[in-house]
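Participant: The following block contains the structure, expressed as C-alpha cells.
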Amino acid sequence: MKKKNGELRLPVTNAEGAAPPAPLPSLPASKKRGYLFLAFLPFLFFFLLALWPGGGRLEVLARRLKLKDGPAEEHAAYFAETQYQILTVTEEPGNPNHRAFYQDKLRHSEVDLGDLGDLKYPYMRIYDALVNKQLGKNAEPVRLLLLGGGGYVYPNYLYRARPGSEIVVVEIDPGVTLAARKAFGLPVDAPIEIHHMDARNYVAESLRRNFDRPDSVPLFDVIICDSVSDYSVPYQLTTREFMEQVRGMLKPDGIYLMNLIDAFEVGAFMNAIAQTFEAVFPFYGAVSAVRELGERNTTVFVGANQPVDLSDLEAWTTRPDTFQGLMLTPEHFHDLRERNGTRVLTDDWAPVENLLAPIVKLDKLGMVSAAIQAGIRAAEKQDYPRAIHHFQRAVEIAPGSEAALENLAHAQELLGEAAAALNSYAVLVQLFPLNVNARNRAAMILARQGHIGPALVQWEESLNINPAQPNVLNNLGALAIQQGEKAEAIRYWKKALEYAPGEEILLRNLSAVQALP
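Counting from 1 along the sequence shown, just add 787 to a position and that's the residue number in our numbering.
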C-alpha cells in the first residue's frame, strides 16, 4: 500500500505490463491495516471468493452483468440471435396483429398482419409513391431489386399490390428472412427471389453475368438500397463505384432509391450522399420522411437517368392521407454543402462513421446502450474479450457511465484480468463513491492477491455506506479468524446472521469457530 500526495493507492498486481490503478478513497487508518498477511492456512471457514449469496462464480457474475437469455423488448412474439445481430418481433398488447421488427436496438419496421397494404413507415410510403409515379397506379407488374430485406414489409406488400411483379431481395442474414416468415407475415411461398449474400457482391456478380451473357440478369425498373440500420452503415454500399454499378443494372427509365438516417441540422453524411448521387446520376433528388427538417430522421435519395418530379408524390401514394414526405430543394443541398464542404464517397474514401460522429454525440445514450447490450450478448456466450471490447467502447463514448464501467470491470474479472479489473473498479469508486459493489469486488481481488490491508479498507468503507451486507461481514470474519482474532470473527458472523438469518455458510463458520479452544 502506497501513499502519494495524501491519497491511498491500491497496490498493483504482478501482471507484466499492468498499469498502476487509480487511487481509491478510503477510511482513516485503523489497526487492521497494519497486519502482515502470512498466507491462507487450511481452515474450516468459508471465504466467499465469489459474489454471495448462492450460485457459482460464473452464474452469479452473469447475474451482476444483467445477462439475458431472451429479448430485451417486452411482448416478444419472436426472438433470435444470428451471426449478425439480435432479431426480435414484438406484438402490441391487445392487438397481436400489430407487430414491430427490431434489428439489434433499432425498430426497423412495423406491420399490421390484418392489413398488409398499410405501410406504417413514412419512407416506405415514399417508395410506394415513386413506384406508382414511374409505373402508374394501375397495378402493372414491376421488376424491383431490394438490397436489404428488413422485415420484408415492402416486398410483401408489392407482390400483392402488383401481381406478376418480379421482386428480388438480397439480404445478407438468413435469420432476417426466417423471422419475417415466422412472425412478420411473409408467406414461405411468396413469389420473391431471395439471395442471402452481400448486396455489393450480388450487383457485381449480376454485372459479370450480363457481360458474359447479355440479359442473363434482366435490368430493373427500381432498385432500392435499404441496408442502413441506425448508426450501422455498410460503407461499401455508399460509394460512387457502387452507385455506378447499380446504374448499370437499371433500365434506361429506371430509378435508384436509397434511404439513410441523419439530421439535416448537421447533415455531414447526407451531404456526402447527395454529392455522390450527383456524381453518378444525371438526375438526383431526395425526399425527407418528415415535413420539418432538422432533427435526426430518414431521408430517401433518388437517382435516375432522366428527371423525376418529386414535388407531387403525395398524389401518387396509395394512401395519400398517410403521406408525410418533404422534397429537398436545391437550396437544401446548397446549405448542406456550405456547412459540410465538398465530399464524394469512393471505395478509397468513405469515412461514414466520422461523418455520423456529430449525430452520435447528439445521441450518446443510444450509442452507450447499444454498446453495453452488445457486450452483454458477448458475455452470455462467454466471449469475454469481445464483451470487454464493447464495454470499453461504451466507456469511450461516455467515460462517466456507471453501467458501462461496472460491466467492463466484471467482464475483465471473468477473463482473469485482475489488474485491469482493479483499475476499472478504482475509477468506479472515484466517480461513484457510494458504489459498494465496486468496493467489494476491488477488495476481493486485493484479498486474493494477498493485499489484506487495502482490502479491509474497502470492505470497511463499504459497510459504512451500507451495513446490511452479510457477504462483506462474512469475508471480514474469515480474515479475522486467520489473523487469530476469534472474538472479532464471531462478532462479524453474528452481525451477518442478523441480515441473513439461517444462511448455511454463516452458521457453519460460526459453529466451527465457537468449537475452537
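Glycine included, every Cβ here is placed at the ideal spot set by N, Cα and C.
Once you ignore the five residues that flank Leu-973 on each side, which residues in its own chain have a CB closer than 6 Å to its CB?
Facilitator: Tyr-939, Asn-943 and Ala-967
Participant: Hey, Phe-1056 and Leu-1044: beta-carbon distance below 9 Å or not?
Facilitator: no
Participant: Look at the Cβ atom of Val-1087, then the Cβ atom of Ile-913, and state whether they are nearer than 9 Å.
Facilitator: yes
Participant: What do you reckon, is the C-beta of Asn-884 under 8 Å from a heavy atom of the ligand NAP?
Facilitator: This structure simply doesn't include the ligand NAP, nor any ligand for that matter.
Participant: Please go through the same chain and pick out, in chain order, the residues whose beta-carbon is closer than 8 Å to the beta-carbon of Pro-1005, but skip the five residues on each side of it.
Facilitator: So the list reads Arg-930 and Glu-953, once near-sequence residues are dropped.
Participant: Quick one: what's got a C-beta closer than 7 Å to Thr-869's C-beta in the same chain, skipping five residues either side?
Facilitator: Asp-960 and Gly-962
Participant: Please classify Ile-1239: does DSSP put it in a helix, a strand, or coil?
Facilitator: helix
Participant: Would a C-beta distance cut-off of 9 Å place Phe-1064 and Met-1030 closer than the cut-off?
Facilitator: yes
Participant: Exposed or buried, Lys-1282, counting other C-beta atoms within 10 Å across all chains shown (16 or more means buried)?
Facilitator: A residue is called buried when at least 16 other Cβ atoms come within 10 angstroms of its Cβ; Lys-1282 meets this threshold and is buried.
Participant: Among the residues of its own chain, which have a CB less than 6 Å from the CB of Phe-824, if the five just before and after it don't count?
Facilitator: Caution is warranted here: a pLDDT of 23 is assigned to Phe-824, below 50, making its placement in the model unreliable, and the coordinate value is therefore given only provisionally. Answer for Phe-824: Gly-1237 and Ile-1239, listed in chain order.
Participant: Under the rule that 16 or more other beta-carbon atoms within 10 Å means buried, what is Thr-1116, buried or exposed?
Facilitator: exposed
Participant: Curious, which full-length beta strand (DSSP E) runs of at least 3 residues does the stretch 1001 to 1042 contain?
Facilitator: 1007 to 1012
Participant: Which class does Thr-964 belong to by DSSP, given the choice of helix, strand or coil?
Facilitator: helix
Participant: Does the Cβ of Gln-1301 have 16 or more other Cβ atoms within 10 Å, making it buried, or fewer, making it exposed?
Facilitator: exposed
Participant: Go ahead and label Gln-1169 buried or exposed: buried means 16 or more other beta carbons lie within 10 angstroms of its beta carbon, across all protein chains shown.
Facilitator: exposed
Participant: Do you know how far the Cα of Ile-979 is from the Cα of Asp-902?
Facilitator: Between Asp-902 and Ile-979, the C-alpha separation is close to 19 Å.
Participant: Give the DSSP-derived three-state secondary structure of Pro-1117 in the structure shown.
Facilitator: helix
Participant: Could you compute how far the alpha carbon of His-1197 sits from the alpha carbon of Gln-1269?
Facilitator: 28 Å
Participant: In terms of alpha-carbon separation, which member of Lys-969, Glu-1272 and Asn-1258 lies closest to Glu-1290?
Facilitator: Asn-1258
Participant: In this structure, does DSSP put Ser-1188 in helix, strand or coil?
Facilitator: coil
Participant: For the beta strand (DSSP E) containing Gln-890, list its first residue and its last residue.
Facilitator: 882 to 890
Participant: Is the stretch 1071 to 1091 touching the stretch 1163 to 1177 in the sense that three or more CB pairs, one from each, lie closer than 8 Å?
Facilitator: Output reads no: the stretch 1071 to 1091 does not touch the stretch 1163 to 1177.
Participant: Fully enclosed by the stretch 1233 to 1286, which alpha helix (DSSP H) runs are 4 residues long or longer?
Facilitator: Every unbroken stretch of the alpha helix (DSSP H) spanning 4 or more residues and falling wholly within the stretch 1233 to 1286 is given here in chain order: 1239 to 1252, 1257 to 1269 and 1273 to 1286.
Participant: Would Gly-1264 and Ile-1277 qualify as a contact pair, given that the criterion is a beta-carbon distance under 9 Å?
Facilitator: Taking 9 Å as the Cβ cut-off, Gly-1264 and Ile-1277 qualify as a contacting pair.
Participant: Decide if Leu-1328 is buried, meaning its Cβ has at least 16 other Cβ atoms within 10 Å, or exposed.
Facilitator: As shown, the chain starts at 788 and ends at 1304. That puts residue 1328 outside it, with no answer to give.
Participant: So, Ala-864 versus Thr-877, is the Cβ gap smaller than 9 Å?
Facilitator: yes
Participant: Work out the CA separation of Leu-1297 and Glu-1285 for me, nearest whole Å.
Facilitator: Separation of Glu-1285 and Leu-1297 (C-alpha to C-alpha, rounded to the nearest whole angstrom) is 13 Å.
Participant: Is Leu-1003 buried or exposed, if buried means 16 or more other CB atoms sit within 10 Å of its CB?
Facilitator: The amino acid occupying residue 1003 in the given sequence is Ser; Leu does not appear at that position. Burial call: exposed.
Participant: Alpha carbon to alpha carbon, what distance is there between Asn-1127 and Arg-1173?
Facilitator: 35 Å
Participant: Do Tyr-941 and Met-911 have their C-beta atoms within less than 9 Å of each other?
Facilitator: If you check the CB distance, Tyr-941 and Met-911 come in under 9 Å.
Participant: Is it true that the CB of Phe-1120 sits closer than 9 Å to the CB of Asn-1058?
Facilitator: yes
Participant: Whole beta strand (DSSP E) runs in the stretch 923 to 962 with 3 or more residues, listed along the chain?
Facilitator: 930 to 934 and 953 to 957
Participant: Rounded to the nearest angstrom, what separates Asn-1224 and Gly-1271 at their Cα positions?
Facilitator: 28 Å
Participant: Could you say which of Asp-1099, Ile-981 and Ile-1292 lies nearest to Gln-1111 if we only look at CA atoms?
Facilitator: Asp-1099
Participant: Roughly how many angstroms lie between the CA atoms of Lys-907 and Ala-1102, to the nearest whole one?
Facilitator: Cα to Cα, Lys-907 sits roughly 18 Å from Ala-1102.
Participant: In the structure shown, what three-state DSSP assignment does Arg-844 receive?
Facilitator: In this prediction, Arg-844 has a pLDDT of 37, which is less than 50 and means its spatial position is unreliable; nothing more can be read from the coordinates.
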